[in-house]
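Right, one structure below, let's go through it.
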């Protein structure tokens with residue numbers, strides 16, 4: 001399971017079965033708990049623990065799985081016991097800043113989960129044999145379909161299941177087959193209405209609707225709540241079909257929209273827009289059904305697209321569309337694929353569809369092996385958890401706890417640590433799902449970019465989802481991004497899914513965590529401790545937040561009234577020092593809080609369109625101190641005193657890279673030992689010599705081998721596609737032996753360099769495409785020795801041990817190291833000249849976890865990135881990117897150590913970030 005993506009788990013869980021005899025404490029999975037009865041040694045129940053039949057314990061949860069699987073008597077059966085269950089000292093102590101639930105006899109707290117077997121059951125062999133005649137594989141009708149319908153509390157009399165490749169394919173199918181009435185006919189035309197808080201795949205349906213000459217109307221959540229007037233009686237008799245789509249649960253914020261809207265809209269009690277006709281409802285349930293029960297017997301939507309992997313993690317390429325049988329006969333279909341025709345003629349326009357709605361719409365061979373597995377998936381889910389209601393209460397309890405802690409975290413000056421984007425106060429699981437969306441703030445209330453937070457989280461082995469989460473409407477609503485802002489951000493180079501997190505100091509997206517049925521209290525603790533460790537100093541955590549001693553003994557109530565007051569909500573946490581419940585909530589502080597001592601924002605060194613350059617006057621001269629090139633991407637540096645410059649940067653810099661057996665670029669993030677591979681260039685002999693400890697040196701020719709024998713292939717460097725060719729078996733075997741995994745060396749093809757990896761760079765000639773080698777972002781990376789010295793003092797103080805400046809320089813993997821009088825003055829430059837060479841500054845380098853790797857040993861130390869973040873005002877920028885000025889680049893130019901650097905300053909230091917779609921870290 002990925003961190004906080006609990007609904008995405010391995011398929012292996014579907015091959016395992018819960019043991020009926022015992023339970024495992026998820027805070028100490030190696031310890032088996034004995035009989036769990038009313039007289040159990042449990043003293044306090046975590047908010048995610050389920051009530052035991054006949055027990056005094058109260059509250060729903062995931063914990064007592066097996067209740068439906070085996071009855072109450074099975075829960076009381078003793079599990080295995082032994083020396084491990086009574087090991088000295090119980091469980092390991094929880095992290096000090098975020099203490100555990102005290103819920104089991106070990107002194108730890110978490111949900112009680114059914115104990116899984118230590119090994120999966122033996123797989124039975126499967127034999128496949130050909131049928132007597134070639135035909136489409138039979139659709140598995142009996143086992144999966146009734147079980148799926150049973151999960152949603154309905155039957156085949158009311159709904160038909162159409163299997164698709166995913167939820168998106170199901171939505172596309174609806175748009176293509178809905179009985180639209182276009183504009184310009186004698187009848188009133190149809191409308192497609194959708195809630196603005198909808199997934200991209202829902203909004204994308206308007207493209208198909210437009211092609212059919214049907215208008216689409218976006219509806220804001222507040223507007224639908226006000227649209228309660230009925231149409232006149234004469235207009236209610238109109239039969240023009242309209243479609244309204246809304247999510248049962250927002251995938252952005254976790255807000256649950258009323259399921260009562262379904263009947264209200266279909267009956268005419270609620271009108272999305274005032275227009276005569278008959279409304280049909282599309283309920284996007286993909287996010288909702290992953291952690292909440294959906295009763296289609298009560299809430300009979302017309303279309304319900306779902307994704308199975310979001311429910312129990314498998315399979316990833318299979319979804320379904322549940323279609324109400326009352327509208328199914330009205331659906332239209334123009335294309336017919338294999339298996340959908342009862343009969344057709346090849347020479348005449350004759351086609352007769354199959355009678356079954358499902359077979360009519362399932363073109364080609366369905367994923368029948370995955371479909372068969374669904375029954376087992378639902379059965380095991382029920383056995384492990386006890387049902388969706390318990391999953392709902394369990395996941396909400398974790399989200400409620402995490403929300404309460406996050407919303408009360410404060411800096412020493414009283415500023416909130418995070419800004420949470422939510423429409424609820426997390427007091428009711430019927431209106432709020434287990435999703436928390438937020439941005440991290442600094443002491444001044446400024447937003448930290450989500451890519452910075454993601455980089456820091458990766459050091460703690462936490463995977464976060466960042467951006468707008470394929471829900472631009474909700475992102476705009478919560479972050480206050482206007483339509484004009486979206487268009488301006490696009491012009492600045494920001495696109496959906498990239499890592500440009502701040503533009504003009506404003507966030508382009510946020511961070512999201514979500515809990516699934518496999519999530520535990522330890523997951524919540526791990527995340528909270530990460531936020532505390534990276535955002536708050538020891539002084540901050542002492543007052544007002546030092547440690548959360550425990551959640552209350554009360555479980556998440558079925559009676560929502562008990563969560564209506566802020567006082568009762570604050571009692572969820574008890575603080576040993578500072579009394580967290582007396583601290584104003586984030587909602588009270590964000591609106592009126594002002595920083596006590598505002599600090600000027602760190603200057604970002606990307607070029608602004610409005611920047612006015614001025615020459616640097618006076619001061620000590622700036623010179624080039626060191627020059628490095630990295631012939632093989634992510635391998636060791638090659639230091640030189642002078643080096644020729646080409647149209648892609650330093651000659652041979654990052655011309656080669658190591659790829660795995662699947663052709664994917666390998667970096668030090670995946671393989672830190674790459675830093676121990678030492679390439680050097682011999683220009684006279686025209687070879688690159690590669691060395692590593694314990695290996696004989698090996699050489700690779702510098703001449704391009706792009707003759708007939710070379711096979712040109714396409715590779716990816718971040719989001720860029722480049723043409724490369726393989727360097728042969730000899731060097732592949734050498735690298736594979738040293739790294740201990742299959743890999744190969746490839747080189748960028750010179751024949752297509754100028755075409756394959758180009759970048760339109762802001763600030764440079766608009767008519768010129770800048771050619772790049774296998775770098776991530778720009779041709780050069782420059783750092784300042786004075787900046788290194790200032791950072792060294794900060795890091796040494798945190799590590800409490802001396803740190804060599806040479807080691808720090810190597811960690812930042814720059815091409816040009818300069819010696820300037822002032823630290824970080826390079827961030828004020830708009831362009832520089834070094835000898836006859838002229839360079840444009842294109843932006844700051846936002847650092848990733850590669851700087852945590854010691855380039856001499858390959859060992860990681862996450863303190864380096866954390867120290868950089870603390871030293872730079874919670875940002876991780878260090879160094880600036882440069883590009884050759886196109887008019888001045890020449891193959892004959894040379895860059896030399898000792899050359900004077902002449903910078904040009906910019907007047908306006910409020911500048912745009914670089915237009916990159918990936919982390920800006922050196923490879």
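Numbering (full-length UniProt numbering), first residue to last: 1 to 923. We put the CB at the ideal spot given by N, CA and C, even for glycine. No experiment lies behind these values; they were computed from the predicted model shown.
Where do the ends of the beta strand (DSSP E) carrying residue 780 lie? 780 to 784
Can you check the stretch 808 to 849 for any beta strand (DSSP E) of at least 3 residues that lies completely inside it and give the ranges in chain order? 816 to 819, 829 to 834, 837 to 846
Rounded to the nearest angstrom, what separates residue 853 and residue 809 at their Cα positions? 12 Å
Taking the straight line between their C-alpha atoms, what separation do you get for residue 353 and residue 179? 17 Å
Let me make sure I understand the geometry here. Which of 241, 306, 205, 834 has the alpha-carbon closest to that of residue 623? 834
CA-to-CA distance, residue 745 to residue 697, given in whole angstroms: 15 Å
Where residue 207 falls: helix, strand or coil (DSSP): helix
Do residue 285 and residue 306 have their C-beta atoms closer together than 8 Å? yes
Given a cut-off of 8 Å on the beta-carbon distance, is the pair residue 449 and residue 292 in contact? no
Taking C-beta to C-beta, are residue 506 and residue 465 nearer than 8 Å? no
Would you tell me roughly how many angstroms separate the C-alpha atoms of residue 561 and residue 429, rounded to the nearest one? Confidence at residue 561 is low in this model, with a pLDDT of 35, below 50, so the placement of that residue is unreliable and no value is reported for it.
Measuring only the C-alpha atoms, how far is residue 455 from residue 848? 6 Å
With distances taken from CA atoms, which of 211, 249, 399, 732 is nearest residue 199? 249
Report the residue from 880, 475, 391, 687 whose alpha carbon sits nearest the alpha carbon of residue 841. 880
What's the C-alpha gap between residue 689 and residue 794? 38 Å
Cα-Cα separation, residue 313 to residue 163: 17 Å
Measure the CB-CB distance between residue 929 and residue 839 and report whether it falls below 8 Å. Residue 929 is absent from the model: the chain starts at 1 and stops at 923.
Indicate whether residue 300 and residue 262 have their beta-carbon atoms separated by less than 8 Å. yes
Going by DSSP, name the residue or residues bridged to residue 342. DSSP, once it has assigned bridges, lists no residue as partnering residue 342.
Are residue 370 and residue 315 touching if we call contact CB-CB under 8 Å? yes
One question on the structure: do residue 771 and residue 647 come within less than 8 Å of each other, judged by their Cβ atoms? yes
List in chain order: all unbroken beta strand (DSSP E) runs of 3+ residues lying wholly within the stretch 227 to 288. 241 to 247, 278 to 284
Is residue 362 helix, strand or coil when you go by DSSP? coil
Going by DSSP, which residues form a beta bridge with residue 218? 194
Along the chain, where does the alpha helix (DSSP H) containing residue 512 start, and where does it finish? Looking at the DSSP string, residue 512 is not in any alpha helix (DSSP H); the run it does join, the beta strand (DSSP E), is 510 to 514.
Looking at the structure shown, is residue 925 part of a helix, part of a strand, or coil, going by DSSP? The structure shown does not extend to residue 925, since the chain is modelled only from 1 to 923, so the question has no answer here.
Cβ neighbours of residue 474 in the same chain (closer than 7 Å, five flanking residues each side left out): 197, 250, 252, 253
Contact check, residue 824 vs residue 857 under 8 Å by CB: the rounded distance? Incorrect: roughly 28 Å between the Cβ atoms, too far for contact.
Does the stretch 140 to 159 come within contact of the stretch 319 to 339, defined as at least 3 CB pairs closer than 8 Å? yes
Residue 678 - DSSP class collapsed to helix/strand/coil: strand
Own chain, CB closer than 7 Å to residue 169, minus 5 neighbours either side, in chain order: 319
Just verifying my parser: in three-state terms, what is the DSSP assignment at residue 523? helix
Excluding five sequence neighbours on each side, which residues of the same chain lie with their C-beta closer than 8 Å to the C-beta of residue 627? 639, 640, 641, 642, 643, 650, 815, 816, 817, 895, 896, 897
Exposed or buried, what is residue 443 when buried is set at 16 or more other beta-carbons lying within 10 Å of its beta-carbon? buried
Which one of 496, 668, 703, 660 has the shortest CA to CA distance from residue 681? 703
Identify every residue that forms a DSSP beta bridge with residue 353. 341
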